[in-house]
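Numbering (the numbering used here), first residue to last: 15 to 199. Beta carbons: idealized from backbone N, C-alpha and C, even for Gly. The next block holds one structure in the form of structure tokens; read it before the comments.
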């Protein structure tokens with residue numbers, strides 16, 4: 015009995031240590047590529063990891079199952095949706111580029127349904143790419159995403175300002191973006 019109890023506590027201690035090790039440690043990681051308007055690939059632990067900019071969504075720029083759901087949900091054509099996805103991806107590429115260092119913040123165990131690790135990502139100047147994509151009008155806030163309430167409120171404020179000021183996709187592509195995002199005026 016004593017051995018079983020001791021083993022339980024040893025296992026519990028190891029689990030706690032490993033849970034602490036999965037928190038993003040505030041280190042910079044090398045960006046390998048911008049995959050799309052809300053996904054980066056970074057060098058991580060001897061390999062590559064897909065990182066989703068936590069709490070935001072950008073239009074798809076390649077045919078995939080999410081694009082098909084967006085076509086069904088919005089009634090917009092693939093070509094129209096892919097065009098705004100290309101614009102969103104191009105904007106993220108203007109903010110960061112391969113070889114640049116990015117800072118990751120958040121829980122390294124939090125993966126989205128596409129297998130990406132969902133984190134707040136800062137550029138080498140300390141700017142949140144999550145916030146910048148929303149503020150510039152190239153992404154929207156995910157409403158049903160577990161996110162710190164203060165950060166969510168900041169993102170929602172930036173989104174409202176982008177819509178009101180017709181920034182990014184809310185300008186030239188306003189009607190398409192409103193249908194894609196489900197946001198009204």
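Notebook entry, point to check: Alpha carbon to alpha carbon, how far is residue 18 from residue 194?
Noted result: Taking the first residue of the chain shown as position 1, residue 18 is located at position 4. Taking the first residue of the chain shown as position 1, residue 194 is located at position 180. In this prediction, residue 18 scores a pLDDT of 41, lower than 50, which makes its location untrustworthy; no coordinate-derived value is stated.
Checklist line | the segment 61-72 in contact with the segment 143-151 per 3-pair CB rule at 8 Å | finding: Under the Cβ criterion (8 Å, minimum of three pairs), the segment 61-72 counts as touching the segment 143-151.
Next item on the list: Pair every Cβ in the segment 107-116 with every Cβ in the segment 125-144, then say whether three or more of these pairs are closer than 8 Å.
Entry: The segment 107-116, when compared against the segment 125-144, does touch it at the 8 Å Cβ threshold.
Notebook entry, point to check: Can the beta-carbon of residue 175 be found less than 8 Å from the beta-carbon of residue 154?
Noted result: The residue given as residue 175 occupies position 161 in the chain shown. The residue given as residue 154 occupies position 140 in the chain shown. The answer is no: Cβ separation not under 8 Å.
Check: Expressed to the nearest angstrom, what Euclidean distance is found between the alpha-carbon atoms of residue 181 and residue 59?
Finding: As a first step, residue 181 must be located in the chain shown, where it is residue number 167. As a first step, residue 59 must be located in the chain shown, where it is residue number 45. Just so you know, the alpha carbons of residue 181 and residue 59 end up roughly 37 Å apart.
Margin query: Quick check on the DSSP output: what are the complete beta strand (DSSP E) runs of length 3 or more inside the segment 37-124, in order along the chain?
Written below: Correct list: 42-50, 53-58, 61-67 and 115-119.
Checklist line | Neighbourhood of residue 62 by C-beta distance below 8 Å, restricted to the same chain and skipping five residues each side | finding: Position 48 of the chain shown, counted from the first residue, corresponds to residue 62. Same-chain partners within the cutoff: 46, 55 and 56.
Margin query: By the three-class DSSP mapping on this structure, what secondary structure does residue 183 have?
Written below: Start at 1 with the first residue of the chain shown, and residue 183 comes out as number 169. Three-state result, residue 183: helix.
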